[in-house]
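Remarks on the structure that follows.
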Amino acid sequence: MGLLDILLGRTKPVAPDLDQLFALPSAAITLQAAAGFTPAGVGAVCFATVEGPAFEQTYREIQELLDADADRAGSPVELSRDDYGYSWLVSRRPPDELIQLVNDLHAVNTSLEANGFGPQLLCSLVAFTDPAGRRLALVYLYKRGSFFPFAPLPGGSERRDSALELQVKAALASDLRIEPDLGRWFPVWGAPGL
1 MGLLDILLGR
11 TKPVAPDLDQ
21 LFALPSAAIT
31 LQAAAGFTPA
41 GVGAVCFATV
51 EGPAFEQTYR
61 EIQELLDADA
71 DRAGSPVELS
81 RDDYGYSWLV
91 SRRPPDELIQ
101 LVNDLHAVNT
111 SLEANGFGPQ
121 LLCSLVAFTD
131 PAGRRLALVY
141 LYKRGSFFPF
151 APLPGGSERR
161 DSALELQVKA
171 ALASDLRIEP
181 DLGRWFPVWG
191 APGL
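Numbering of the sequence shown is given in my numbering, commencing with residue 1 and proceeding in unit increments.
Next comes the structure, spelled out in C-alpha coordinates:
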(Lines of atoms letter the chains of each structure in order from A and count residues from 1; the text may use other names and numbers.)
(Lines give C-alpha, C1' and ligand atoms only; values in the text may rest on other atoms or scores of the structure.)
Protein backbone atom coordinates (compact mmCIF):
# COMPACT_ATOMS: atom_id res chain seq x y z
CA MET A 1 0.00 0.00 0.00
CA GLY A 2 1.49 3.32 -1.06
CA LEU A 3 1.40 6.84 0.35
CA LEU A 4 -1.25 7.89 -2.16
CA ASP A 5 -3.52 5.04 -0.99
CA ILE A 6 -3.13 6.19 2.62
CA LEU A 7 -3.87 9.83 1.73
CA LEU A 8 -6.94 8.88 -0.29
CA GLY A 9 -8.23 6.56 2.44
CA ARG A 10 -7.98 3.39 0.38
CA THR A 11 -7.43 0.19 2.24
CA LYS A 12 -5.79 -2.98 1.12
CA PRO A 13 -8.34 -5.78 0.69
CA VAL A 14 -8.17 -8.58 3.23
CA ALA A 15 -6.80 -11.78 1.74
CA PRO A 16 -9.13 -14.77 2.06
CA ASP A 17 -8.14 -17.06 4.91
CA LEU A 18 -10.08 -20.28 4.42
CA ASP A 19 -8.52 -21.73 7.57
CA GLN A 20 -10.93 -19.47 9.49
CA LEU A 21 -13.58 -22.08 8.65
CA PHE A 22 -11.89 -24.50 11.04
CA ALA A 23 -12.98 -22.27 13.96
CA LEU A 24 -16.63 -23.20 13.35
CA PRO A 25 -16.74 -26.42 15.43
CA SER A 26 -15.58 -24.65 18.60
CA ALA A 27 -17.88 -21.70 17.82
CA ALA A 28 -20.77 -24.19 17.53
CA ILE A 29 -20.19 -25.28 21.12
CA THR A 30 -20.33 -21.66 22.27
CA LEU A 31 -23.41 -21.03 20.13
CA GLN A 32 -25.23 -24.00 21.67
CA ALA A 33 -24.38 -22.89 25.20
CA ALA A 34 -25.27 -19.23 24.60
CA ALA A 35 -28.35 -19.49 22.39
CA GLY A 36 -29.40 -23.15 22.10
CA PHE A 37 -28.56 -23.53 18.40
CA THR A 38 -27.12 -26.80 17.11
CA PRO A 39 -25.78 -27.72 13.64
CA ALA A 40 -28.46 -28.56 11.08
CA GLY A 41 -26.12 -30.70 8.98
CA VAL A 42 -26.07 -28.39 5.95
CA GLY A 43 -23.24 -26.25 4.65
CA ALA A 44 -22.85 -24.46 1.33
CA VAL A 45 -20.47 -22.40 -0.76
CA CYS A 46 -22.00 -19.54 -2.77
CA PHE A 47 -20.43 -18.13 -5.93
CA ALA A 48 -21.36 -16.09 -8.96
CA THR A 49 -22.76 -18.52 -11.50
CA VAL A 50 -20.21 -19.80 -14.00
CA GLU A 51 -20.66 -22.25 -16.82
CA GLY A 52 -18.55 -24.06 -19.34
CA PRO A 53 -16.20 -27.01 -19.53
CA ALA A 54 -13.68 -25.61 -17.02
CA PHE A 55 -16.34 -25.36 -14.33
CA GLU A 56 -17.82 -28.76 -15.21
CA GLN A 57 -14.36 -30.32 -14.81
CA THR A 58 -13.84 -28.56 -11.47
CA TYR A 59 -17.26 -29.74 -10.26
CA ARG A 60 -16.40 -33.35 -11.21
CA GLU A 61 -13.07 -33.02 -9.34
CA ILE A 62 -14.89 -31.75 -6.25
CA GLN A 63 -17.37 -34.64 -6.47
CA GLU A 64 -14.53 -37.17 -6.74
CA LEU A 65 -12.58 -35.58 -3.90
CA LEU A 66 -15.53 -35.61 -1.52
CA ASP A 67 -16.80 -38.97 -2.76
CA ALA A 68 -13.67 -40.56 -1.28
CA ASP A 69 -15.51 -40.40 2.05
CA ALA A 70 -17.05 -43.88 2.13
CA ASP A 71 -19.32 -43.07 5.10
CA ARG A 72 -21.38 -40.56 3.15
CA ALA A 73 -24.74 -41.59 1.69
CA GLY A 74 -25.78 -39.98 -1.58
CA SER A 75 -24.05 -37.29 -3.59
CA PRO A 76 -21.14 -35.64 -1.78
CA VAL A 77 -22.05 -32.17 -2.98
CA GLU A 78 -25.03 -30.85 -4.93
CA LEU A 79 -25.12 -27.88 -7.27
CA SER A 80 -28.14 -25.59 -6.99
CA ARG A 81 -29.07 -22.09 -8.09
CA ASP A 82 -31.13 -19.62 -6.10
CA ASP A 83 -33.76 -17.15 -7.26
CA TYR A 84 -31.13 -14.38 -7.36
CA GLY A 85 -28.90 -16.09 -9.93
CA TYR A 86 -26.18 -17.33 -7.58
CA SER A 87 -24.91 -20.89 -7.48
CA TRP A 88 -24.47 -23.00 -4.36
CA LEU A 89 -22.42 -26.15 -3.84
CA VAL A 90 -24.24 -27.83 -0.94
CA SER A 91 -22.91 -30.49 1.40
CA ARG A 92 -25.19 -32.42 3.73
CA ARG A 93 -23.98 -34.41 6.74
CA PRO A 94 -25.54 -35.73 9.92
CA PRO A 95 -25.74 -32.85 12.44
CA ASP A 96 -23.07 -34.45 14.66
CA GLU A 97 -20.51 -34.36 11.80
CA LEU A 98 -19.79 -30.63 11.84
CA ILE A 99 -16.03 -31.15 11.56
CA GLN A 100 -16.49 -33.21 8.39
CA LEU A 101 -18.93 -30.62 7.02
CA VAL A 102 -16.37 -27.86 7.59
CA ASN A 103 -13.74 -30.00 5.85
CA ASP A 104 -16.12 -30.33 2.88
CA LEU A 105 -16.60 -26.55 2.68
CA HIS A 106 -12.86 -25.96 2.91
CA ALA A 107 -12.22 -28.50 0.14
CA VAL A 108 -14.88 -26.96 -2.14
CA ASN A 109 -13.53 -23.42 -1.62
CA THR A 110 -9.94 -24.54 -2.13
CA SER A 111 -10.78 -26.46 -5.31
CA LEU A 112 -12.71 -23.55 -6.81
CA GLU A 113 -9.91 -21.15 -5.91
CA ALA A 114 -7.17 -23.46 -7.29
CA ASN A 115 -9.02 -23.81 -10.59
CA GLY A 116 -9.29 -20.05 -11.14
CA PHE A 117 -12.77 -19.44 -9.74
CA GLY A 118 -11.61 -17.49 -6.66
CA PRO A 119 -12.97 -14.16 -7.96
CA GLN A 120 -16.46 -15.72 -8.21
CA LEU A 121 -16.49 -16.97 -4.59
CA LEU A 122 -18.85 -14.95 -2.38
CA CYS A 123 -19.44 -16.75 0.88
CA SER A 124 -19.77 -20.05 2.70
CA LEU A 125 -22.30 -20.86 5.37
CA VAL A 126 -23.19 -23.46 7.94
CA ALA A 127 -26.83 -23.76 9.04
CA PHE A 128 -27.98 -24.13 12.64
CA THR A 129 -31.37 -24.66 14.26
CA ASP A 130 -32.79 -24.40 17.77
CA PRO A 131 -35.48 -26.47 19.55
CA ALA A 132 -38.14 -23.91 18.56
CA GLY A 133 -37.30 -24.46 14.86
CA ARG A 134 -35.61 -21.10 14.29
CA ARG A 135 -32.86 -21.10 11.66
CA LEU A 136 -29.50 -19.38 11.77
CA ALA A 137 -26.47 -19.39 9.50
CA LEU A 138 -22.90 -18.49 10.27
CA VAL A 139 -21.74 -16.91 7.03
CA TYR A 140 -18.07 -16.62 6.05
CA LEU A 141 -17.36 -13.73 3.68
CA TYR A 142 -14.69 -14.99 1.31
CA LYS A 143 -13.35 -11.58 0.28
CA ARG A 144 -13.39 -10.18 3.85
CA GLY A 145 -12.05 -13.17 5.79
CA SER A 146 -14.75 -12.70 8.44
CA PHE A 147 -18.05 -14.16 9.63
CA PHE A 148 -21.49 -12.79 10.39
CA PRO A 149 -24.70 -14.40 11.66
CA PHE A 150 -27.82 -14.42 9.50
CA ALA A 151 -31.17 -15.26 11.09
CA PRO A 152 -34.21 -15.22 8.79
CA LEU A 153 -37.59 -14.95 10.48
CA PRO A 154 -39.91 -17.90 9.80
CA GLY A 155 -42.68 -17.55 7.27
CA GLY A 156 -40.73 -16.72 4.12
CA SER A 157 -41.34 -12.98 4.46
CA GLU A 158 -37.68 -12.05 3.81
CA ARG A 159 -37.33 -10.43 7.20
CA ARG A 160 -34.51 -11.12 9.59
CA ASP A 161 -34.16 -11.41 13.34
CA SER A 162 -31.65 -8.60 13.93
CA ALA A 163 -31.78 -8.98 17.72
CA LEU A 164 -30.76 -12.65 17.45
CA GLU A 165 -27.98 -11.77 15.02
CA LEU A 166 -26.55 -9.22 17.45
CA GLN A 167 -26.87 -11.70 20.34
CA VAL A 168 -24.92 -14.29 18.32
CA LYS A 169 -22.34 -11.68 17.35
CA ALA A 170 -21.69 -10.92 21.02
CA ALA A 171 -21.60 -14.61 21.99
CA LEU A 172 -19.11 -15.58 19.27
CA ALA A 173 -16.83 -12.54 19.36
CA SER A 174 -14.00 -14.53 20.95
CA ASP A 175 -14.52 -17.63 18.76
CA LEU A 176 -14.76 -16.18 15.25
CA ARG A 177 -13.45 -13.17 13.36
CA ILE A 178 -16.78 -11.30 13.22
CA GLU A 179 -17.29 -8.77 10.41
CA PRO A 180 -17.29 -5.37 12.17
CA ASP A 181 -19.14 -3.52 9.37
CA LEU A 182 -22.82 -4.39 9.86
CA GLY A 183 -23.50 -3.00 6.39
CA ARG A 184 -21.69 -6.05 5.00
CA TRP A 185 -24.05 -8.46 6.79
CA PHE A 186 -26.05 -9.07 3.63
CA PRO A 187 -29.08 -11.36 3.66
CA VAL A 188 -28.72 -14.78 2.05
CA TRP A 189 -32.38 -15.37 1.28
CA GLY A 190 -33.08 -18.82 -0.08
CA ALA A 191 -29.72 -20.21 1.02
CA PRO A 192 -29.60 -23.99 1.43
CA GLY A 193 -30.47 -25.11 4.95
CA LEU A 194 -32.39 -21.95 5.80
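Don't be surprised by glycine CBs; every beta carbon is placed ideally from N, CA and C.
This structure is a prediction, so every number in the text was calculated from the model and none was measured.
Asked, Found
"7 Å Cβ shell around Asp19 - same chain, five flanking residues per side excluded", "none"
"C-alpha gap between Gly85 and Val188, whole angstroms", "12 Å"
"Where the beta strand (DSSP E) through Ala40 begins and ends", "38-48"
"CB contact flag (Arg93, Gln100, <8 Å)", "yes"
"Spatial neighbours of Thr58 in its chain, beta-carbon cut-off 7 Å, leaving aside the 5 residues before and after", "Ser111, Leu112, Asn115, Phe117"
"Reference Thr129, options Gly36, Leu79, Ala23, closest by Cα", "Gly36"
"Buried or exposed by the 16-neighbour rule on C-beta atoms within 10 Å, applied to Asp181", "exposed"
"Between the CA atoms of Val126 and Pro192 - distance to the nearest angstrom", "9 Å"
"For Leu136, the nearest candidate out of Asp17, Leu21, Ala28 (CA to CA)", "Ala28"
"Cut-off 8 Å between Cβ atoms - residues of its own chain near Gln167, not counting five sequence neighbours on either side", "Ala34, Ala35"
"Which of helix, strand or coil DSSP assigns to Ala151", "coil"
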